[in-house]
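Right, one structure below, let's go through it.
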Amino acid sequence: MAEVVCALACSHGPLLATPPDMWDLRAGADRENKRHWFRGRQMDYAALLAERQPGFHDEAGLPQRQVRYDACQRALDEMARRFRAARADVAIILGNDQREVFREDLTAGFTIYAGDEIPNTPLSEEQVRRLPPGVAVAEEGHCPQGGAVYPGDKRIAESLVQTLVAESFDVAVSYRLPGGMDRQHGIPHAFGFIYRRIMEDAPPPSVPVFTNVGVPPNRPLTQRCLQMGHALAKGIAALPSDLRVAIVASGGFTHFVVDEELDRRILDAMRRGDEAALAAVPESHFEGNTCEIKSWYPLVAAMNDLGRKMEVIDYVPCYRTEAGTGSGMAFASWQ
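Read in order, the letters of the sequence shown correspond to residues 205 to 539 in the working numbering.
Shown next, in the form of structure tokens:
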């Protein structure tokens, strides 16, 4: 079987590529947002602030922002170092799409990208103007100026698909990136961030694996995401024995309302490899962008099959308002 030489997972939020003194660009949008999700309930900012008293005023101040931003950069640097040291021949990247690639007329639960090339396409000036406040400043965090084209691996992708189908996963296969509602034909930011920050724009041939964690009605449940990981482990085992494989998951943790208790509960279950505890988290807790935590679930299950244990490199709650909005940033590796 192929050798898994590197297994990593990390968050990919805009705050990771935004100077702390500019986090208020998103904070203003938070205060105007009438649809914040917190523990399965949706509320406006005033209700969220009342719910979370005494609030997070000190944690959201600039000094703490800088401390936490610096901690995230150190964790990302360490992940990039581990990826470089692994010298992988091929990478499998687990992430999601937010209508950047797949339009409303067709959204599969799981999709394997099997193209020979993976374009990372910058937004046009018009598309940048349409971005929500505070997002444009982070664009270079997942797409270099002028864009890039990374190598895909059709052979590896199709081999994985064959095993997944044999394991009762009728996955979709895409040989091109069709382009979503607001983006040119390029890889979504969940993957672009990994290519830029972890693989330093020099990835080996890679296979993006999309899990539709966020777009109803066909979002895979937590148990199905774990089952996908077990099937993926068998797919990797069926690859040529001389291959050095890296697996990287991109997404999470709780955002845009930070819930440290939930984040630490899930991370602790992942550290223990406790799939029952992971499956027991209510589906209602994965609404909004917090759904991206599910992108880690297949990796956890695959690593359980290989007997690997998770190391939390760091967990950093990045607050930008007194109501506790922001992003929970998590960084992990399996040994």
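Don't be surprised by glycine CBs; every beta carbon is placed ideally from N, CA and C.
**Study point:** Delimiting residues of the beta strand (DSSP E) encompassing F460
**Key:** H459 to V461
Review point. Contact check, M205 vs A534 under 8 Å by CB: the rounded distance?
Key: Actually they do not touch by this definition, with Cβ atoms about 29 Å apart.
Practice item. Keeping to the same chain, check which residues put their C-beta closer than 7 Å to that of V339; ignore five residues upstream and five downstream. Key: P218
Exercise for review: Verify whether the separation of the beta carbon atoms of L335 and M283 is less than 8 Å.
Suggested key: no
Check your understanding: What residue does the beta strand (DSSP E) around Q349 start on, and which one ends it?
Key -> Careful: Q349 lies outside any beta strand (DSSP E) and carries neither H nor E.
Check your understanding: Taking the Cβ atom as the reference point for each residue, do I297 and F395 lie within a distance shorter than 8 Å?
Key -> yes
Check your understanding: Under a Cβ-count criterion, where at least 16 other Cβ atoms within 10 Å of its own Cβ denotes burial, should D357 be classed as buried or exposed?
Key -> buried
Check your understanding: If you run the structure through DSSP and keep just helix, strand and coil, what is R245?
Key -> strand
Check your understanding: What does DSSP give as the partner residues of P218 in its beta bridges?
Key -> Per DSSP, none; premise fails for P218.
Review point. Taking only runs of the beta strand (DSSP E) that begin and end inside the stretch 393-450, which ones reach a length of at least 3 residues, in chain order?
Key: 410-415
Check your understanding: If we call anything under 8 Å between Cβ atoms a contact, is L252 one with F242?
Key -> yes
Check your understanding: Bridge partners of M507, per DSSP?
Key -> In DSSP, M507 forms no bridge with anything.
Point to revise | Spatial distance of P502 from G455 (CA atoms) | key: 12 Å
**Study point:** Nonlocal neighbours in the same chain, by C-beta distance under 6 Å from Y273, ignoring five residues either side
**Key:** P224
Practice item. Give the straight-line distance between the Cα atoms of L504 and G232, rounded to the nearest whole angstrom. Key: Note that residue 504 is Val in the sequence shown here, rather than Leu. Answer to the nearest angstrom: the Cα atoms are 35 Å apart.
**Study point:** CA nearest to the CA of N237, picked from H393, Y249 and A481
**Key:** Y249
Point to revise | Inter-residue spacing [alpha-carbon to alpha-carbon] between Q268 and H261 | key: 10 Å
**Study point:** Spatial distance of V365 from S328 (CA atoms)
**Key:** 34 Å
Point to revise | Cβ neighbours of V377 in the same chain (closer than 6 Å, five flanking residues each side left out) | key: I316, A318 and V365
Point to revise | Nearest residue (CA-CA) to F414, options C429, I517, D463 and E321 | key: C429
Review point. Looking at the unbroken beta strand (DSSP E) that takes in T529, where does it start and where does it end?
Key: T529 to W538
Practice item. Please confirm whether T367 and A289 have their CB atoms less than 8 Å apart. Key: no
Exercise for review: May I ask which residues mark the beginning and end of the beta strand (DSSP E) holding S363?
Suggested key: Counting along the chain, S363 falls outside any beta strand (DSSP E), though it belongs to the alpha helix (DSSP H) covering K358 to A370.
**Study point:** Nearest-angstrom Cα separation, counted from A536 out to M474
**Key:** 10 Å
Practice item. Determine the closest residue to E239 out of W538, G492, A527 and E515, with distance taken between C-alpha atoms. Key: The sequence shown places Arg at residue 239, rather than the Glu named in the question. Ranking the options by Cα distance to R239, first place goes to G492.
Check your understanding: Just how far apart, CA to CA, sit S445 and V271?
Key -> 44 Å
Practice item. Over the uninterrupted beta strand (DSSP E) stretch that includes F314, give me the two end residues. Key: F314 to Y317
Practice item. Just the C-alpha distance for E321 and V353, rounded to the nearest angstrom, thanks. Key: 6 Å
**Study point:** M283, DSSP secondary structure in three states
**Key:** helix
Point to revise | Outcome for V332 when other beta-carbon atoms lying within 10 angstroms are tallied against a minimum of 16 | key: exposed
Review point. Do the CB positions of V417 and C495 come within less than 8 Å of each other?
Key: yes
Point to revise | In DSSP terms, what S378 is bridged to | key: Y317
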